[in-house]
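1 is the number of the first residue of the sequence shown in this note's numbering; add one for each residue after it.
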Amino acid sequence: MATSLTLNTPLDMHLHLRDEAMLKLVAPLTAQTFSGALVMPNLVPPVTTFEALKAYEQRILDAASYEDFKPYMTLFFQQYDKAFLEKVKEHIIGIKLYPAGITTNSETGVSSIDSETLRPTLEAMSDLGIPLCVHGETNGFVMDREKEFMPIYESLAQNFPKLKIIMEHITTKDAVELLDKYENLYATITVQHLLITLDDVAGGMLQPHLFCKPIAKRYEDRDALVKVALNAHPKVMFGSDSAPHPKHKKEACGCAAGVFTAPIALQILAGLFETHGKLDNLQAFISDNALNIYGITPPKKEITLVKEPFLVPENYSGEGEMVVPMYAGQTLSWSLA
Ligand code: NCD
Ligand code: ZN
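Now the structure itself:
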């Protein structure tokens, strides 16, 4: 039985770092263990200009306090012209599309995701090799939102066959099945969606720290996600969607959506992959697949995990902020060496 495990250049391909005090609190928690992370642009206001992008990147580097950490920057999707995209291309890893109002800070997202309306921008992205990251939910019934989005993914994949499309934080077996149907579709999977179902969120007393968008689904959905992750399907990458909100905004009437997992993700994944006898596949899920899909060369970093109990802190605090991690106060079976 494995008692230690070394991962090379771990990557988190979907991460919310926020800004100001929260950025200063959470950035080092990711930079400590990850070589790089794809940083989401849903600030207020969202990141849509070259100046905002570069300034945010610098604030992240200043906050991260680890030199072997690279933030991979994204722009918030809107109609951009090709000249602008040519200019920013070297500075971004992708552009994130949010349906308007579907999740935290997405009010200025796209109100109707129609291939023809979006064609100028998507064609330019396709020509320039800029991937499209998508929050794939409709505004239908909450459990059906991702499933209802599948025809939109299909239409995008068919209309822009050279555009790399990443289905972010997939939560359903429908999304898993779509992966193999189109060459240009990829996916990220979070920690929480590999572990929990809606039962864990709302089956007993309501668990605000497990509430996120998309909401955790059924057992058969979780099983399908676990299967592709454990087998390190080459089109699937780890993306934590670690989404910190201040404690008072989670433990509140009108709980903000987002699960904070940055400091516990690797430990949890080691436990999950070990339980299923698939530890050998964790390297591909946590890094190699993303290297291939995005064609990136992050800073080298080796992270060793050991099979020793890790008591998850009740909260992480500093800079006047306090954030509660998933599994606060619980003991995990793996820790950082
Ligand atoms: C994210 C956030 O808080 O920014 N929330 C979430 O529940 N996942 C946004 C997102 O990725 O949907
Ligand atoms: Zn997210």
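We put the CB at the ideal spot given by N, CA and C, even for glycine.
- Unbroken alpha helix (DSSP H) stretches of 4 residues or longer found wholly inside the segment 31–105: 50–64 and 82–88, given in chain order.
- With fewer than 16 other CB atoms across the displayed protein chains lying within 10 angstroms of its CB, G204 is exposed.
- Bridge pairing for D12: A37 [DSSP].
- If you check the CB distance, E319 and N8 do not come in under 9 Å.
- Counting along the chain, E123 sits inside the alpha helix (DSSP H) bounded by residues S115 to L128.
- Within the same chain, and ignoring the five residues on either side of G271 in sequence, the residues whose Cβ sits closer than 8 Å to its Cβ are L332, S333 and W334.
- Counting only runs of 3 or more residues that sit fully inside the segment 185–222, the beta strand (DSSP E) segments are 185–189, in chain order.
- Take the alpha-carbon of M40 and the one of L15: they are about 6 Å apart.
- When Cβ pairs closer than 8 Å are counted between the two stretches, the segment 247–256 is seen not to touch the segment 276–294, the count staying below three.
- DSSP places E154 in the helix class (H, G or I) of the three-state scheme.
- Scanning D144, N139 and E177 for the CA closest to the CA of E154 turns up E177.
- Taking a C-beta distance under 9 Å as the contact criterion, P71 and I95 do not qualify as a contact pair.
- The Cβ neighbour count for D81, taken over all protein chains shown within 10 Å, is under 16; the residue is labelled exposed.
- Within the same chain, Cβ atoms closer than 8 Å to the Cβ of T171 are found at E146, H193, P214, I215, A216, K217, D221 and L225, the five residues on either side in sequence being excluded.
- The C-alpha of K164 lies about 18 Å from the C-alpha of T117.
- Between S242 and A257, the C-beta spacing is not below 9 Å.
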